[in-house]
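Report on one structure; see the data block that follows.
So this is what it looks like as structure tokens:
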């Protein structure tokens, strides 16, 4: 995905919508990382009405609904970042977290955002609060559900070939 494409509004990431622009005002200055962290917090506050699994809402609909699952957090975060001129892309994959799958200590389907800081893509997860090593990226796109569908196909075909117990470190 070209950087210019990663800053444009799309049918799913309505970065030019006045409500999206208003939410994006929290991140007018600072490094890309500082602005993305403020935007992620603003998205968490905006969608604090609860978790909802009733479809895949675009950024504007998520803003209006004030709730959603990880997909709504991701598309809204990508839209507000693009409204600030920050190149973003939406990532679908797996995350080790219980918040959206209801099972502790398990991997489940998940979505988050990557932002270009001028040198590399850095991940931000507004839904879980932080990005960590428990995320496995499978598909990168612009938030359009048709493009993200490949992630679910990959999850369905995913097979764990081997898993070993964690061994305690041996003191030397």
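Residue numbers (the numbering used here): 3 to 174. Just so it is clear, CB atoms sit at the ideal spot from N, CA and C, and this is done for glycine as well.
- Non-local C-beta neighbours of residue 87 in its own chain, meaning closer than 8 Å and more than five positions away in sequence, comprise 9, ordered along the chain.
- Here DSSP, grouped into helix, strand and coil, assigns residue 138 to strand.
- By the Cβ criterion, the stretch 23 to 38 is in contact with the stretch 75 to 94, since at least three pairs of Cβ atoms, one from each stretch, lie closer than 8 Å.
- A straight-line Cα-Cα distance of about 10 Å links residue 147 and residue 57.
- Counting only runs of 4 or more residues that sit fully inside the stretch 57 to 91, the alpha helix (DSSP H) segments are 61 to 67 and 72 to 85, in chain order.
- Considering only 151, 82 and 169, the residue with the shortest C-alpha distance to residue 17 is 82.
- Spatial neighbours of residue 76 in its own chain (CB-CB distance under 6 Å, excluding positions within 5 residues in sequence) are listed in chain order as 92, 113, 114 and 115.
- Using a 10 angstroms sphere on the CB of residue 60, the tally of other CB atoms reaches 16 or more, which defines it as buried.
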